[in-house]
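**Q** Have a look at the structure that comes next, please.
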Amino acid sequence: MKENQRPLIISIEGGEGAGKSSVIDTISRFLSEKQISHIVTREPGGVRISEKIRDIILNKEHLEMDAKTEALLFAAARRQHLIEKVLPAVQTGKCVVFDRFVDSSLVYQGYVRGLGIEAVRGINEFAIEGFYPDLTLFLDVTPEIGLDRINQNPDREVNKLDLEGLHFHKKVREGYYEIMKQYPERIVRIDADKALEDVLLAVVKEIEQRV
Ligand code: TMP
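As structure tokens, this is what we get:
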């Protein structure tokens, strides 16, 4: 399928407590109202095998996991998800809304864990073979504000990466700033410190311009 005929592929990225879930619900509702068929899916996960890999990666008992093992597992989960679910959807003309995608690996494994963005891009390009989103919305939240929000949400599943401190979350933000410089056309920053209604308005504005 030629790039210009492909349905819109969107990914949502950001640190913890940025409001990703509400943003994704809003995008899905917006696309449904416009009668644009789409799927919403998440990484790591999205299909049975990749959800199992997710459980291995994010298990709170797996603290001894090596950073490269982790990066390879994220890429493996991504590959399976792409082949089994995302590409078939795209081939039938459906838009895709990703709750995290390849940029999460560039940031968390490449930048924050220190494996290097280039090295992590390499293993991911092996996995995705050029399948980058058309639009990536980076929900940029100040780490202190994001952590405050997740601490106030008792229902949220706590994973291995949530056990990291403020320093980690600051590095995550720095990592996103770094990759924004590398993909200025694709990645759009949304100020997620703002009230949720304002964040959602900004998101809908970006999507509206592209459908
Ligand atoms: P979630 O909390 O948004 O579901 O994401 C799960 C965690 O996995 C989150 O802390 C970010 C992390 N992650 C990576 O480190 N690399 C990746 O490639 C992906 C997709 C997620």
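Sequential numbering from 1 applies to the sequence shown in my numbering.
For every residue, glycine included, the Cβ atom is placed at its ideal position computed from N, Cα and C.
Bear in mind the structure is a predicted one, so any value in this text is a computation, not a measurement.
1. Grouping DSSP H, G and I as helix and E and B as strand, with all else coil, what is residue 1?
2. Would you say the stretch 53-68 touches the stretch 82-102, given that touching needs at least three Cβ pairs under 8 Å?
3. Tell me which same chain residues have a C-beta within less than 6 Å of the C-beta of residue 113, skipping the five on either side of it?
4. DSSP three-state label for residue 13, please.
5. Check whether the Cβ atoms of residue 137 and residue 23 sit closer than 9 Å, and answer yes or no.
6. What does DSSP give as the partner residue(s) for residue 87 in the beta ladder?
7. Could you check whether the stretch 166-174 touches the stretch 188-208, counting it as contact only if at least three pairs of C-beta atoms, one from each stretch, sit closer than 8 Å?
8. Which ranges would you report for the alpha helix (DSSP H) in the stretch 102-178 if only whole runs of at least 4 residues count?
9. Who are the Cβ neighbours of residue 6 in its own chain at under 8 Å, not counting the five residues just before and after it?
10. Can you tell me whether residue 179 is buried or exposed? The criterion is at least 16 other CB atoms within 10 Å of its CB, across all chains shown.
11. Would you say residue 44 touches the ligand TMP, meaning its beta carbon is less than 8 Å from a heavy atom?
12. Distance check for residue 132 and residue 117, CA to CA, integer angstroms please.
13. Can you find the residues in the same chain that come closer than 6 Å, C-beta to C-beta, to residue 11, ignoring five residues on each side of it along the sequence?
14. Leaving out five residues before and five after residue 202 in sequence, what residues of the same chain have Cβ atoms less than 6 Å from its Cβ?
15. Buried or exposed: which applies to residue 20, given that a residue is buried once 16 or more other Cβ atoms fall within 10 Å of its Cβ?
16. May I ask you to list the residues that DSSP assigns as paired with residue 74?
17. Between which two residues does the alpha helix (DSSP H) holding residue 66 run?
18. Based on Cα-Cα distance, which residue from 14, 48 and 31 lies nearest to residue 205?
19. Note down, in chain order, each residue of its chain lying with its Cβ closer than 7 Å to the Cβ of residue 36, except the 5 sequence neighbours on either side.
**A** So, from the listed chains and residues:
1. Bear in mind that a pLDDT of 47 at residue 1, under 50, signals an unreliable position, so the number given afterwards is only what the model happens to contain. Residue state, collapsed to three classes: coil.
2. They do not touch, by the three-pair rule.
3. Result list for residue 113: 67, in chain order.
4. Strand at residue 13.
5. In this structure, residue 23 lies closer than 9 Å to residue 137 by Cβ.
6. Residue pairing from DSSP leaves residue 87 without any beta-bridge partner.
7. Under the Cβ criterion (8 Å, minimum of three pairs), the stretch 166-174 does not count as touching the stretch 188-208.
8. You should have 117-128 and 143-151.
9. Correct list, in chain order: 90 and 134.
10. With 16 or more other Cβ atoms within 10 Å, it is buried.
11. Yes, since a heavy atom of the ligand TMP falls inside the 8 Å radius drawn around the Cβ of residue 44.
12. Cα to Cα, residue 117 sits roughly 16 Å from residue 132.
13. For residue 11, where only same-chain residues beyond five positions count, the Cβ hits under 6 Å are 98, 101, 133 and 136.
14. Excluding residues up to 5 positions away in sequence, 190 lie with their Cβ nearer than 6 Å to the Cβ of residue 202 in the same chain.
15. By the 10 Å Cβ count, residue 20 comes out buried.
16. In the DSSP secondary-structure assignment, residue 74 is not bridged to any residue.
17. In the DSSP assignment, residue 66 falls outside any alpha helix (DSSP H) and carries neither an H nor an E.
18. Checked all of 14, 48 and 31; the closest Cα to residue 205 is 31.
19. The answer, listed in chain order, is 95 and 211.
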